[in-house]
Amino acid sequence: MGHQFRKVFIAGLTTLVLILHPSAPLQKETQAVGPSDFTKPYAGVYPVSGNRRMLVILLRAQDSTESVSRETIRNRIFGPAQSTSTYFNEISYGRFNISEAFVTDWLVAQDDPSTPNVNESLKSFVHKGGAPYEQAKAKWLIQAVDNQTSFNWSYFDNNKDGWVTPRELLILWVYPGGDSGRSRKADPNVIQVDGLKYGVKIPELARVGENANWRTIAHELLHQVCKLKDLYVDGSLNYAGVGPYSIMCASGAAIHLDPWAKMKLGWLQPRVVTRDGWYSLNDVERTPQALIVHDPARGTKDYFILENRWPGTSHDSLAHGGLVVWRIEEKHDNPNSDWGRETIDRIWAQGEPPKASRVRDTCPGNGISVFKGNIPGVSYALTPTSSPGKLVWRDGTSSNIALWFYSEQGPVMRVYIDVPPRRSTPPLYYEFKKKPLTLEKPVWPSPRSTKPDIKRVPKN
Ligand SMILES: [Zn+2]
Numbered sequence: 365m366g367h368q369f370r371k372v373f374i375a376g377l378t379t380l381v382l383i384l385h386p387s388a389p390l391q392k393e394t395q396a397v398g399p400s401d402f403t404k405p406y407a408g409v410y411p412v413s414g415n416r417r418m419l420v421i422l423l424r425a426q427d428s429t430e431s432v433s434r435e436t437i438r439n440r441i442f443g444p445a446q447s448t449s450t451y452f453n454e455i456s457y458g459r460f461n462i463s464e465a466f467v468t469d470w471l472v473a474q475d476d477p478s479t480p481n482v483n484e485s486l487k488s489f490v491h492k493g494g495a496p497y498e499q500a501k502a503k504w505l506i507q508a509v510d511n512q513t514s515f516n517w518s519y520f521d522n523n524k525d526g527w528v529t530p531r532e533l534l535i536l537w538v539y540p541g542g543d544s545g546r547s548r549k550a551d552p553n554v555i556q557v558d559g560l561k562y563g564v565k566i567p568e569l570a571r572v573g574e575n576a577n578w579r580t581i582a583h584e585l586l587h588q589v590c591k592l593k594d595l596y597v598d599g600s601l602n603y604a605g606v607g608p609y610s611i612m613c614a615s616g617a618a619i620h621l622d623p624w625a626k627m628k629l630g631w632l633q634p635r636v637v638t639r640d641g642w643y644s645l646n647d648v649e650r651t652p653q654a655l656i657v658h659d660p661a662r663g664t665k666d667y668f669i670l671e672n673r674w675p676g677t678s679h680d681s682l683a684h685g686g687l688v689v690w691r692i693e694e695k696h697d698n699p700n701s702d703w704g705r706e707t708i709d710r711i712w713a714q715g716e717p718p719k720a721s722r723v724r725d726t727c728p729g730n731g732i733s734v735f736k737g738n739i740p741g742v743s744y745a746l747t748p749t750s751s752p753g754k755l756v757w758r759d760g761t762s763s764n765i766a767l768w769f770y771s772e773q774g775p776v777m778r779v780y781i782d783v784p785p786r787r788s789t790p791p792l793y794y795e796f797k798k799k800p801l802t803l804e805k806p807v808w809p810s811p812r813s814t815k816p817d818i819k820r821v822p823k824n
């Protein structure tokens, strides 16, 4: 067993990384696994890239009034400060952008004379809940724009095939009152309009109240455009949510998307860990990085994703930075099911929120749920038998994986990863400032330090 020293550049600093060769006799013959085994589409989630133009329709019932101006809403979505648009740019690392096609003035709904039994101009129609009524809103909305504005649909038919599809134009409805949103399937999902041979294709329509912030709008668009599912507590309370580390859980918060979604959407290329050692992670606000850790003997449907969340100055305003450990089980590949909750959850450093504390449709936290080397209680070695967090697969079986040490939180973090076959004892190859490593003490100097302050000690 030998050691190899390698110099790597991290955030412009030279850092010494020690890589431990796994012992040869224990090594199992397995097929080479690469990022493409994990980035492939799943449950209807495919890579999304490029620039999409978006039509924002402000439309109210005759018997309601708006209180937020067109300019405010426009700025919230497309503005240069923090906006839905700058958020998408950041979480996709520039790969996916939205830009303004048009923001209508506040339009007022009109009654459709061809349906004498329904008055489509009144709140009783506009805000009626339930699947059939919500699904019918897409047609009502598109027709309102067609009848009341001079919006030129054909201009957005890029390939001139007579359709305007979601690839060519995104559509969002904003209504008076409320700060929440939802995205619903549209029925019918093809609506005929002036100037287009066939019409507007709108499989799903996102809508938000006029007080919805740019984060909620982003959350709804992630449903509509990126086909992602909610990751907050469900009605059964069996699912704990993933906490405030994905906007699909905390829908109104300025936080990034989870790394699983970024990876599937083609915004992040993960690195697959194939041997034991220290690994560095830059924070995801600046860098598209994540590590995939799995057991080749088990296949590629069960895996962990590790990422460094560091609350910087931009769109990832977290209460606690640190190493986030996501757990994935890709065995629920049905786009029409609640596959998100079945596929994605997390290993919580201080344990999952207890069931009794969970509230439907909310995104709970539970203390510090990330791992970092400088905080007692969240710096313990994560193994298949540790507590409260443990590295078992979703079905409860051991992962044969351990995370022995973490650096303190920061824009660059390090973690010691032990992939199968798992060591039986911690890898005591380091000492930090001449003190032996313990599982509950800082184990690494600040990653920004120019001097590693590490000395190799003889192994036992
Ligand atoms: Zn949602």
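Numbering (our numbering), first residue to last: 365 to 824.
All residues carry an ideal CB built from backbone N, CA and C; glycine is no exception.
Nothing here was measured: the structure is a model prediction, and the numbers come from that model.
- Query: Between residue 628 and residue 406, which are expected to be in contact by the criterion C-beta below 8 angstroms, what is the C-beta distance as a whole number of angstroms?
  - Reply: Taking the sequence shown and counting its residues from 1, the one referred to as residue 628 is at position 264. Taking the sequence shown and counting its residues from 1, the one referred to as residue 406 is at position 42. The pair is a contact, with the Cβ atoms about 6 angstroms apart (cut-off 8 angstroms).
- Compute the minimum distance between the beta carbon of residue 544 and the heavy atoms of ligand 1, and state whether it is under 7 angstroms. Taking the first residue of the sequence shown as position 1, residue 544 is located at position 180. Distances from the CB of residue 544 to the heavy atoms of ligand 1 are all 7 angstroms or more.
- Task: Report yes if the CB atom of residue 422 is closer than 8 angstroms to the CB atom of residue 468, and no otherwise.
- Result: The residue labelled residue 422 in the question sits at position 58 within the sequence shown. The residue labelled residue 468 in the question sits at position 104 within the sequence shown. It is a contact, given that the beta carbons lie within the stated cut-off.
- Item | Whether residue 597 touches residue 710 by CB criterion (8 angstroms) | Position 233 of the sequence shown, counting from 1, holds the residue named residue 597. Position 346 of the sequence shown, counting from 1, holds the residue named residue 710. For residue 597 and residue 710, no; Cβs fall outside 8 angstroms.
- Query: Is DSSP giving residue 743 helix, strand or coil here?
  - Reply: Locating residue 743 in the sequence shown gives position 379, where the first residue counts as 1. Correct three-state label for residue 743: coil.
- Item | Exposed unless 16 or more other CB atoms sit within 10 angstroms - verdict on residue 416 | What you label residue 416 is simply residue 52 of the sequence shown in a count that begins at 1. So residue 416 ends up on the buried side.
- Message: Under 8 angstroms, with one C-beta from each stretch per pair, do the stretch 538-553 and the stretch 511-519 reach the 3-pair mark?
- Response: no
- Message: Let me confirm a value: residue 503 is counted as buried when at least 16 other C-beta atoms fall within 10 Å, else exposed. Which label applies?
- Response: The count along the sequence shown starts at 1 and reaches residue 503 at position 139. Under this definition residue 503 is a buried residue.
- Three-state class that DSSP yields for residue 601 in the structure shown: For this step, residue 601 is matched to residue 237 along the sequence shown. Looking at residue 601 - three-state DSSP - the assignment turns out to be coil, as it is neither helix nor strand.
- Task: Could you check which residue in 569, 670, 438 has the C-alpha nearest to that of residue 501?
- Result: As a first step, residue 501 must be located in the sequence shown, where it is residue number 137. Of the candidates 569, 670, 438, the one whose C-alpha sits nearest the C-alpha of residue 501 is 569.
- Taking residue 688 and residue 656 to be in contact with their CB atoms under 8 angstroms, please state how far apart those CB atoms are, rounded to whole angstroms. Here the question's residue 688 lines up with position 324 in the sequence shown. Here the question's residue 656 lines up with position 292 in the sequence shown. Not a contact, Cβ separation roughly 13 angstroms.
- On the three-state DSSP scale, how would you describe residue 666? Against the sequence shown, residue 666 aligns to sequence position 302. Three-state result, residue 666: strand.
- Query: Nearest-angstrom Cα distance between residue 457 and residue 650?
  - Reply: On the sequence shown, residue 457 is found 93 positions in, with the first residue counted as 1. On the sequence shown, residue 650 is found 286 positions in, with the first residue counted as 1. Taking the straight line from one Cα to the other gives about 8 angstroms.
- Query: How is the beta strand (DSSP E) around residue 425 delimited, first residue to last?
  - Reply: Against the sequence shown, residue 425 aligns to sequence position 61. No residue range can be given for residue 425, since it is assigned to no beta strand (DSSP E) and is classified by DSSP as neither H nor E.
- How many angstroms separate the CA atom of residue 633 from the CA atom of residue 399? For the purposes of this step, residue 633 is taken as the residue at position 269 of the sequence shown. For the purposes of this step, residue 399 is taken as the residue at position 35 of the sequence shown. Roughly 7 angstroms separates the two Cα atoms.
- Uninterrupted beta strand (DSSP E) stretches inside the stretch 616-687 (no shorter than 3 residues): 641-646, 655-657, 666-673
- Express the C-alpha separation of residue 766 and residue 760 in angstroms, rounding to a whole number. Walking along the sequence shown from the start, residue 760 turns up at place 396. Walking along the sequence shown from the start, residue 766 turns up at place 402. So the two alpha carbons sit approximately 15 angstroms from each other.
- Task: Pull up the distance between the alpha-carbon of residue 495 and that of residue 508, whole angstroms please.
- Result: Locating residue 495 in the sequence shown gives position 131, counting from the first residue. Locating residue 508 in the sequence shown gives position 144, counting from the first residue. Cα to Cα, the separation comes out at about 21 angstroms.
- Message: Taking the straight line between their C-alpha atoms, what separation do you get for residue 514 and residue 581?
- Response: By one-based count along the sequence shown, residue 514 stands at place 150. By one-based count along the sequence shown, residue 581 stands at place 217. For residue 514 and residue 581, the distance between alpha carbons rounds to 25 angstroms.
- Message: Just checking residue 702 against ligand 1 - is the residue's beta carbon closer than 7 angstroms to any of the ligand's heavy atoms?
- Response: Your numbering for residue 702 matches position 338 in the sequence shown. Checking every heavy atom of ligand 1 against the Cβ of residue 702, none is found closer than 7 angstroms.
- Query: For the putative contact between residue 756 and residue 670, defined by C-beta atoms under 8 angstroms, what is the C-beta separation to the nearest angstrom?
  - Reply: Counting from 1 along the sequence shown, the entry for residue 756 is found at position 392. Counting from 1 along the sequence shown, the entry for residue 670 is found at position 306. Taking 8 angstroms as the upper bound for CB-CB distance, residue 756 and residue 670 are not in contact here, some 16 angstroms apart.
- Query: Of all the options 762, 744, 475, 770, which has the alpha carbon lying nearest to the alpha carbon of residue 321?
  - Reply: There is simply no residue 321 to check, as the chain begins at 365 and stops at 824 in what is shown.
- Could you tell me the boundaries of the beta strand (DSSP E) in which residue 768 lies? Numbered from 1 along the sequence shown, position 404 holds the residue referred to as residue 768. 766-770 is the extent of the beta strand (DSSP E) around residue 768.
- Extent of the continuous alpha helix (DSSP H) run through residue 505: Residue 505 sits at position 141 when you count from the first residue of the sequence shown. Element bounds for residue 505: 501-512.
- Item | Backbone CA spacing between residue 609 and residue 620 [nearest angstrom] | Reading the sequence shown from its first residue, position 245 is the one you call residue 609. Reading the sequence shown from its first residue, position 256 is the one you call residue 620. Rounded to whole angstroms, residue 609 to residue 620 spans 7 angstroms at the Cα level.
- Task: Over the uninterrupted beta strand (DSSP E) stretch that includes residue 407, give me the two end residues.
- Result: Here residue 407 refers to the residue found at position 43 when the sequence shown is read from its first residue. Segment: none, residue 407 is in no beta strand (DSSP E) and carries neither H nor E.
- Task: Take the Cβ of residue 771 as the centre, count every other Cβ of all protein chains shown within 10 Å, and call the residue buried at 16 or more, exposed below.
- Result: In the sequence shown, the residue the question calls residue 771 occupies position 407. Classification for residue 771: buried.
- Rounded to whole angstroms, what's the CA-CA distance from residue 727 to residue 613? Just pull it up for me. Along the sequence shown, read from residue 1 onward, the residue named residue 727 stands at position 363. Along the sequence shown, read from residue 1 onward, the residue named residue 613 stands at position 249. Rounded to the nearest angstrom, the two C-alpha atoms are 5 angstroms apart.
- Message: Whether or not the stretch 441-460 and the stretch 555-565 are in contact is what I'm after, with contact meaning three or more pairs of Cβ atoms, one per stretch, closer than 8 angstroms; do they touch?
- Response: The stretch 555-565, when compared against the stretch 441-460, does not touch it at the 8 angstroms Cβ threshold.
- Message: Buried or exposed, going by whether 16 or more other CB atoms sit within 10 Å of the CB of residue 796?
- Response: Counted from its first residue, the sequence shown places residue 796 at position 432. Only weak support is given to the placement of residue 796: the predicted model assigns it a pLDDT of 44, under 50, and the value that follows is read from those uncertain coordinates. So residue 796 ends up on the buried side.
- Task: For residue 641, count neighbouring Cβ atoms within 10 angstroms of its own Cβ and tell me buried if that reaches 16, exposed if not.
- Result: Against the sequence shown, residue 641 aligns to sequence position 277. Residue 641 is buried by the Cβ-count criterion.
- If we count the other Cβ atoms within 10 Å of its Cβ and call it buried at 16 or more, is residue 686 buried or exposed? Your numbering for residue 686 matches position 322 in the sequence shown. Buried, since its Cβ has 16 or more Cβ neighbours within 10 Å.
- Nearest neighbour of residue 551, chosen from 530, 481, 499, 586 [CA to CA]: Counting from one through the sequence shown, the residue named residue 551 turns up at place 187. Looking at the Cα atoms, 499 is the closest of the given residues.
- Message: Run through the DSSP bridge pairs and tell me what residue 463 is partnered with.
- Response: Translated into the one-based positions of the sequence shown, residue 463 becomes position 99. Paired residue(s): 417.
- Query: residue 752 to residue 545, Cα distance in whole Å?
  - Reply: Locating residue 752 in the sequence shown gives position 388, counting from the first residue. Locating residue 545 in the sequence shown gives position 181, counting from the first residue. Rounded to the nearest angstrom, the two C-alpha atoms are 35 angstroms apart.
- Please list, following the chain, all residues that have a C-beta closer than 6 angstroms to any non-hydrogen atom of ligand 1. 583, 587, 594, 615
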